[in-house]
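Numbering-wise, the sequence shown is residues 1 to 199 according to the working numbering. I have placed the structure first, in the form of structure tokens, so that the comments after it can refer back to it.
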Amino acid sequence: MEFAEVVRRRRMVRDYDPDRPVPPEVRERLLEHAIRAPSAGFSQGWAFVVLETAEERDSFWAATAGEGAPDAWLTRMRRAPLLILPLANKSAYLERYAEPDKGWTDRDEARWPVPYWDVDAGMASLLMLLTAVDEGLGACFFGVPVERLDAVRAAFGIPAEYRPVGCVSVGYPGTDDRRSPSLRRGRRGVDEVVHRGRW
Ligand SMILES: Cc1cc2nc3c(=O)[nH]c(=O)nc-3n(C[C@H](O)[C@H](O)[C@H](O)COP(=O)(O)O)c2cc1C
């Protein structure tokens with residue numbers, strides 16, 4: 001698919017065909033593309049937890065959504081045959097930037113204009129979203145509630161220094177997909193958001 005078409009077609013998919021698993025070669029391509037993302041100081045302080053079996057995915061949903069009856073969003077999202085958790089490791093960045101070529105030996109977080117560890121995991125996530133479209137599949141990036149982060153870490157043995165920046169669900173789109181109501185806001189146009197030369 002043309003790159004411009006991949007970008008144009010990309011949208012979050014929130015319903016999946018539960019009977020069509022993600023082909024293993026597509027799963028691997030998602031991950032291979034993810035690690036092509038740029039990273040500050042080439043720190044690559046990311047990691048990815050791949051959840052594919054029904055048991056693994058159930059554990060994720062139990063950890064994030066609790067025990068109550070699933071709402072419509074969750075019912076559809078649970079059909080995703082593949083979940084990938086992109087994780088960011090802040091300490092990897094603090095260590096990398098303490099090296100001689102960077103020189104931030106005090107490891108002071110105040111030096112960081114924005115959390116590059118989260119930026120980089122986000123870039124890797126976008127590459128997975130685009131790769132899914134390129135492969136004819138759908139995907140959705142969604143957040144993990146802050147109060148559930150420890151439960152997710154515990155469920156999958158994730159080290160304390162790694163934090164999921166969200167979760168990427170992947171699969172063949174289902175027939176009951178719903179667009180986000182947020183889209184009613186309309187896409188802000190180039191002229192509205194771009195400031196050429198100065199603000
Ligand atoms: C950081 C981030 C967090 C998001 N969290 C959620 C979420 O928790 N649940 C959800 O359904 N969509 C989530 N989305 C998807 C947005 O709702 C979606 O990207 C936006 O409405 C634009 O729609 P589109 O991506 O289909 O073009 C998230 C997107 C981003 C970038």
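Using N, Cα and C, we set each Cβ at its ideal position, and we do this for glycine too.
Where proline 86 is concerned, the enclosing beta strand (DSSP E) starts and stops at 82-89.
With a threshold of 16 other beta carbon atoms within 10 Å, methionine 128 meets it and is buried.
At the C-beta level, cysteine 167 and leucine 85 come within 8 Å of one another. Phenylalanine 156 is a Cβ neighbour of valine 49, given a cutoff of 8 Å.
The alpha-carbon of glycine 103 is positioned some 39 Å away from that of alanine 63.
In this structure, ligand 1 has a non-hydrogen atom nearer than 7 Å to the beta-carbon of methionine 12. Beta-bridge partners of tryptophan 46 (DSSP): Ala88. In the DSSP assignment, the residues bridged to glycine 171 are Gly138. Distance from the C-beta of glycine 189 to the nearest heavy atom of ligand 1 is not below 7 Å.
In this structure, glutamate 109 and leucine 82 do not form a Cβ contact; the two beta carbons are roughly 34 Å apart against a cut-off of 8 Å.
Taking alanine 151 as reference, the option from Pro21, Ser59, Ala92 with the minimal CA-CA separation is Ser59. DSSP, read as helix, strand or coil, puts arginine 187 in coil.
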